[in-house]
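Peer 1: Each residue of the sequence shown is one higher than the one before, starting from 99 at the first, in the numbering used here.
The beta carbon of each residue, even a glycine, is placed where N, CA and C say it ideally should be.
Supplied in C-alpha cells, the structure appears directly below.
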Amino acid sequence: MAVCRFAPIGTPVIQLTLVGSGEPLLRMEKRLHCAATGAGMALELSVCRDAEMLGIPMQQTPAVLLAGRVVLTGLQRTEAIEAWLRETFHTDKQ
Numbered sequence: 099m100a101v102c103r104f105a106p107i108g109t110p111v112i113q114l115t116l117v118g119s120g121e122p123l124l125r126m127e128k129r130l131h132c133a134a135t136g137a138g139m140a141l142e143l144s145v146c147r148d149a150e151m152l153g154i155p156m157q158q159t160p161a162v163l164l165a166g167r168v169v170l171t172g173l174q175r176t177e178a179i180e181a182w183l184r185e186t187f188h189t190d191k192q
C-alpha cells in the first residue's frame, strides 16, 4: 500500500462521521484518510464513540456515516473505501 500523504490545498473536502471504539476505530480512521487522499480528496472526519446513541449496534462498528446515514460497516480495506469514495463522489483521479 502506498504511503498516505496529505491532500493538496484546494482538494475537495468530504465530511464523514466515524462511529466505533478501540483499535478498530483507529484502524478505520487511518484507512479513511489514506483512501480519501488516494481518491484525490481531503477528509473532514468527526468521531463518535457512542454507537448506541446513534442507534448503531456495536457489532456493526466501526461504521461510517454520510449525512447521518450508515454507508460502510465493519473494518473495510483501504482499496474498497477508495473505490467507494470515487463512485460516490465521482472523482476521476487514478
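Check whether the Cβ atoms of Gly118 and Ala161 lie closer than 8 Å to each other.
Peer 2: Result yes, Cβ atoms of Gly118 and Ala161 sit closer than 8 Å.
Peer 1: So the beta strand (DSSP E) Val112 belongs to, where does it begin and stop?
Peer 2: The sequence given here places Ile at residue 112; Val does not occur at that position. Counting along the chain, the beta strand (DSSP E) containing Ile112 begins and ends at 111-117.
Peer 1: Give the range of the alpha helix (DSSP H) segment to which Cys132 is assigned.
Peer 2: Here the alpha helix (DSSP H) through Cys132 covers 120-136.
Peer 1: According to the neighbour-count rule (16 or more other Cβ atoms, all chains shown, within 10 Å of its Cβ), is Met151 buried or exposed?
Peer 2: Classification for Met151: exposed.
Peer 1: Taking DSSP as the reference, what is the three-state secondary structure of Ala149?
Peer 2: In the structure shown, Ala149 sits in coil (DSSP, three-state: anything other than H, G, I, E or B).
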